[in-house]
Amino acid sequence: MLTTRRKDPLRDPVRFIDERTGAAPFLKGVLRYLFPDHWSFLLGEVALYAFVVLVATGVYLTFFFHPSFAETVYTGPYAPLQGRTMSEAYKSVVDISFSVDAGLLIRQTHHWAADVFVAAIVIHLVRVFFTGAFRRPREVTYLIGITMLGVSLVEGYLGYSLVDDLLSGMGLAIGYSAVLSIPIIGGPVGLLLWGAPYPGDPSFESRMFIAHVLLIPAVLAVLLTVHLVLVASRHHTQFRGRLGQTQRRLVGVPTFPGQTPRSLGLMSAVAALLFTLGGLVQINPIWLWGPYETALGTNGAQPDWYLGWLIGGLRLMPGFDVTIGSYTLVPNPFWGGLLFPTVVFLVLMAFPWIERRVTGDRRRHNLLDRPRDAPGRTAFGVAFFAWVALVFIAGGVDRSTVFFGLSYTAQVWVFRGLVWLLPILLFLVVRRWCRALQAAEKIEEIQEQAEAEARVAAD
Amino acid sequence: MPGWLIWMLALLGIVRRGVPDDEEHEQVVEPGDPSPRAELVVIALLLLAALAAAAFVVFYGVGFSTQVLGGTLGGALALIAAALIVASRTLIVTEELPEEYPEPHEEAQEEVAAIVRQSGSRITRKRLLGVAAGTAAGTLGVAFAAPAVSLGPLFDTDPLRVTPWRRGRRLVDEQGVPLGADDISTEAFYTAYPEGASRDELGSPLVVVRVDPSDLRLPPGRKGWAPEGILAFSKICTHAGCAVALYRKPLFPEAEPKPALVCPCHYSTFDPAQGAKVLFGPAGRPLPQLPLTIDGQRNLRAAGNYSGNIGPAWSGVRSDPPTN
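Residue numbers (the working numbering), protein chains in the order written: chain A, 1 to 459; chain B, 1001 to 1324.
This is how it looks when you write it as structure tokens:
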């Protein structure tokens, strides 16, 4: 029989790589990295995989998109727009939708992926917040996560602003107003960014384009990498469980073989969801909105969900500008459009340090809390997220006026009160509830102990 | 047997070439029981995924609808997800292993600090050096950032006050036809533009309405600005720059008895009869009013520039009047 040198199809390539890179110990570490087994740990991964889909579909879209405000006349197959004057940018997106094979699929998948991406980040944040995963030694990981959320909002906003349809134009006008409303420096800053009074210099489209397809994605990619490296270097947090999990001892499933098919399965499932949505569920039908003109406005076109809280903030403000004599110090959009999100992000970013100040707990934590274990944090978190959520809901009251015929004015007044009252109420109720759950557990524990002692005594 | 035959058979998978066992290595992954049935399920799912992916390519080539493309591509991915999930639950060894969390490296920390501390032994003016380096780096940073000023005008907000409206300019409609006083009814609102000027500027579009002259309650100093009750305002909301595209005619006389101009973005509501005073919503200023006259041909013309600066507010929006 054969007596050739016996080849080992696994060992040989590993030897090849290790001899040339020295990566064998690293590879072993990667394969044996432990993932604690809990469904809520997959939320961040959903965001990661949505990002992968965003990059892939986004690159495809750049092959067809013309970032230019230059005027042109539409002559394509979509009859209602034939003969209409529009920008090159808008025309190219209409062409992607109707004239490029699979163009509409990729465009809608891109848009859905953006919505799912931000949603996954927000739910991931909520999980991290209420389990105390942000505590020492993971504050930096958490800060980077919050930063990515903020950057993603800007990225998504620029994405739909590039199209130069009616929705883009209205959204950009509002963004321009928010920038102009920065006290004292708003006017010059707005003119600097747009290059000229709104709708701005023709180069503004290129500025948005390069930010959307290069600058911000690069920032996100770097932050994402650092976020993951930090997660891995400190290892995952874990819940207390039956497998002997402690502050010092982590129990989890290794990357290979256990976690790999799960994670790839999740990636496929996320991609499946996004492409199915992209194919079957219409999103941002820009051909219905038409090209943007300053004199046009509509209520039918609604922005992406993750901007709803800013619309709510803008809507709920009573109508006044802060003036000193004839000098306008604070234009109105500043409060709801800039100060409100700034406060939300600052509170989120400062929270690990605020909590440390309040509780005096400076220890390192690898075990996660259940919400009830930290009544103060849970109560504050519920109140805080409810505050933002109520403003978000207030951003949609015009829809309930259209659909249910409720008075817009009355709803706004109700929300102006609810936004402040309900969080306070929720804080008190939730804190009480957590403490009651804790007390109930303690009683159960004492009872079990007493029963065990009684049994021992009976024996 | 000749060598080439063995190669052929090996390629076809009939003869297996020897692969060394892992006997010499300790067991690192816990062995599990085989489950051939589950394997068949996974194989079937993978083949179905391949079929769906192939269908996508075919349908793409034929030019099928977005729904079919999304369904087949999403379906292929969903089948792969299903295969992986079934595999992870039935075919893959899934052990839960313990491990120590990493501890901080106290010694290395000390060492890093010592290295940096001891490296400065030849330097006596640490603070001065630091200040000098900081100044150099900061100034260089400013130098790198300086060209950003080319993006737009710097500290000059005059462009924000420019509008195309001046005394005598005719109002035209979307088709460029001059707007006549007799075209304006009380039951609708009209969009008008300056004749012979760009329509893209925020200062261009007007909203024109007619009210009963006896209802007019204009602010002082606007006598004669609304001939025959015809009023013109900037169409751009003073709150956030959207077009004021809604006109509320009295639908519920008890609650909302008067017509009002409404912005669809954040529902700033303006009363045209009172010079677009803010009735509700977040706008901090009324819509700037454009004084009108009716010329000999009964066409509408501007009698001057707006009553205030148009568009969203900036610090200083009230300090100077609009210009051309």
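Glycine is no exception: its CB is placed at the ideal position from the N, C-alpha and C atoms.
Please read these numbers as outputs of a predicted model, since none were measured by experiment.
Option in the options with minimal Cα separation from residue i
| i | options | result |
| --- | --- | --- |
| G381/A | D361/A, N366/A and P352/A | P352/A |
| G376/A | L54/A, T131/A and A113/A | T131/A |
| Y176/A | I1236/B, E1174/B and G1120/B | I1236/B |
| A79/A | I174/A, I354/A and S99/A | S99/A |
| V94/A | V281/A, P36/A and D164/A | D164/A |
| G396/A | L316/A, F65/A, A458/A and D361/A | L316/A |
| H236/A | L314/A, N366/A and D115/A | N366/A |
| Y33/A | R138/A, V231/A, L280/A and E441/A | V231/A |
| T1191/B | T75/A, L296/A and I96/A | L296/A |
| E1256/B | A379/A, T409/A, V219/A and E444/A | T409/A |
| P36/A | P1098/B, D1212/B and G1075/B | P1098/B |
| G1176/B | P1164/B, A1188/B, W1165/B and Y1193/B | Y1193/B |
| P541/A | N1324/B, G1311/B, P1321/B and T1323/B | As displayed, chain A neither begins before 1 nor continues past 459, which places residue 541/A out of reach and without an answer. |
| P1259/B | P1034/B, D1212/B, S1035/B and N1309/B | D1212/B |
| G83/A | P291/A, R357/A and G190/A | P291/A |
| L1179/B | L1202/B, L1206/B, K1126/B and P1164/B | L1206/B |
| L1279/B | I446/A, P318/A and V347/A | P318/A |
| L172/A | D8/A, E293/A and R455/A | E293/A |
| L220/A | S407/A, E453/A, E19/A and L149/A | L149/A |
| T359/A | D18/A, R135/A and T85/A | R135/A |
| W287/A | E19/A, V414/A and A89/A | A89/A |
| P1321/B | L1290/B, L1077/B and F1144/B | L1290/B |
| A114/A | A386/A, A178/A and L153/A | L153/A |
| L338/A | A1240/B, K1249/B, E1107/B and G1141/B | A1240/B |
| R370/A | R362/A, R363/A and A379/A | A379/A |
| A56/A | L42/A, F16/A, Q108/A and R6/A | Q108/A |
| G1032/B | R363/A, R357/A and G258/A | G258/A |
Whole-Å CB distance - residue i paired with residue j, under 8 Å assumed
| i | j | result |
| --- | --- | --- |
| L274/A | H212/A | About 19 Å; that fails the 8 Å criterion. |
| N1299/B | R1170/B | 6 Å |
| V419/A | V391/A | 6 Å |
| G312/A | I393/A | 7 Å |
| R1166/B | A1273/B | Between A1273/B and R1166/B the Cβ distance is about 26 Å, and since that is not below 8 Å, they are no contact. |
| D398/A | Y1060/B | The pair is not a contact, with the Cβ atoms about 40 Å apart (cut-off 8 Å). |
| T72/A | M86/A | 7 Å |
| N1324/B | T1157/B | Not a contact, Cβ separation roughly 16 Å. |
Proximity of residue i and residue j at Cβ, strictly below 8 Å
| i | j | result |
| --- | --- | --- |
| H110/A | L180/A | no |
| F334/A | P183/A | yes |
| V531/A | V118/A | This structure does not reach residue 531/A, given that chain A is present from 1 up to 459, and the question cannot be answered. |
| P1264/B | A1276/B | no |
| A1029/B | V1086/B | According to the sequence as given, residue 1029/B is Val; it is not Ala. No, the Cβ-Cβ distance between V1029/B and V1086/B is not below 8 Å. |
| V1209/B | L1231/B | yes |
| G187/A | W1225/B | no |
| A120/A | A1081/B | no |
| P1288/B | S1307/B | yes |
| G1284/B | T1238/B | yes |
| V383/A | L426/A | Checking the displayed sequence, the identity of residue 383/A turns out to be Ala instead of Val. It is a contact, given that the beta carbons lie within the stated cut-off. |
| Y49/A | I106/A | no |
| E1103/B | R249/A | no |
| L277/A | W112/A | yes |
| Y262/A | S1088/B | Checking the sequence shown, residue 262/A turns out to be Arg, not Tyr. Yes, the Cβ-Cβ distance between R262/A and S1088/B is below 8 Å. |
| L422/A | A374/A | no |
| A1052/B | L1079/B | yes |
| W289/A | L167/A | yes |
| L31/A | F256/A | yes |
Contacts of residue i in chain D (Cβ-Cβ under 8 Å)
| i | result |
| --- | --- |
| A1283/B | No chain D appears in the structure shown, which is made up of the protein chains A and B. |
>> Three Cβ pairs or more, each shorter than 8 Å: is that satisfied between the stretch 192-203 of chain A and the stretch 226-246 of chain A?
In response: Cβ pair count under 8 Å is below three, so no.
>> Tell me which residues of the stretch 183-200 of chain A have at least one Cβ-Cβ distance to chain B shorter than 8 Å, keeping chain order.
In response: Listed by position, the residues of the stretch 183-200 of chain A near chain B (Cβ gap below 8 Å) are P183, I184, I185, G186, G187, P188, G190, L191, L192, L193, W194, G195, A196, P197, Y198 and P199.
>> Residues of the stretch 86-106 of chain A in Cβ contact with chain B at a cutoff of 7 Å, in chain order, please.
In response: Those would be D101, A102, L104 and L105, in chain order.
> Mind listing which residues of the stretch 1088-1099 of chain B have their C-beta closer than 7 Å to chain A's C-betas, in chain order?
Replying inline: Correct list: S1088, I1092, V1093, T1094, E1095, E1096, L1097, P1098 and E1099.
> Which residues, taken in chain order from the stretch 1228-1259 of chain B, show a beta carbon closer than 8 Å to some beta carbon of chain A?
Replying inline: Within the stretch 1228-1259 of chain B, the qualifying residues are K1235, I1236, H1239, A1240, G1241, C1242, A1243, V1244, A1245, L1246 and A1255.
>> Measuring CB atoms only, is the stretch 295-310 of chain A touching the stretch 149-166 of chain A, in the sense that at least three cross pairs come out at less than 8 Å?
In response: Touching, per the Cβ criterion.
> Does the pairing of the stretch 140-154 of chain A with the stretch 110-127 of chain A give three or more beta-carbon distances under 8 Å?
Replying inline: By the Cβ rule, the stretch 140-154 of chain A counts as touching the stretch 110-127 of chain A, because three or more pairs are nearer than 8 Å.
> What are the residues of the stretch 1131-1145 of chain B that lie near chain A, defined by any Cβ-Cβ distance shorter than 7 Å?
Replying inline: Cβ contacts with chain A: none found.
>> Quick check: the stretch 1238-1245 of chain B against the stretch 1264-1273 of chain B, are at least 3 beta-carbon pairs closer than 8 Å?
In response: Contact holds between the stretch 1264-1273 of chain B and the stretch 1238-1245 of chain B, because three or more Cβ pairs, one in each stretch, are under 8 Å apart.
>> Tell me which residues of the stretch 1044-1078 of chain B have at least one Cβ-Cβ distance to chain A shorter than 7 Å, keeping chain order.
In response: Residues are counted here when their Cβ sits less than 7 Å from a Cβ of chain A; for the stretch 1044-1078 of chain B these are Y1060, G1063, T1066, Q1067, L1069, G1070, G1071, L1073, G1074, L1077 and A1078, given in chain order.
> Would you say the stretch 1089-1097 of chain B touches the stretch 1059-1072 of chain B, given that touching needs at least three Cβ pairs under 8 Å?
Replying inline: With a cut-off of 8 Å, the stretch 1059-1072 of chain B and the stretch 1089-1097 of chain B do not count as touching, because too few Cβ pairs lie within range.
> Pairing CB atoms from the stretch 204-211 of chain A with CB atoms from the stretch 58-77 of chain A, are three or more of them under 8 Å?
Replying inline: The stretch 204-211 of chain A vs the stretch 58-77 of chain A: in contact.
> Which residues, in chain order, does the stretch 11-44 of chain A contribute to contact with chain B at a C-beta distance below 7 Å?
Replying inline: Cβ contacts with chain B: L34 and D37.
>> By the 8 Å beta-carbon criterion, what residues does the stretch 1306-1321 of chain B contribute toward chain A?
In response: Of all residues in the stretch 1306-1321 of chain B, G1311, P1312, A1313, W1314, S1315, G1316, V1317, R1318 and S1319 have a Cβ within less than 8 Å of some Cβ in chain A.
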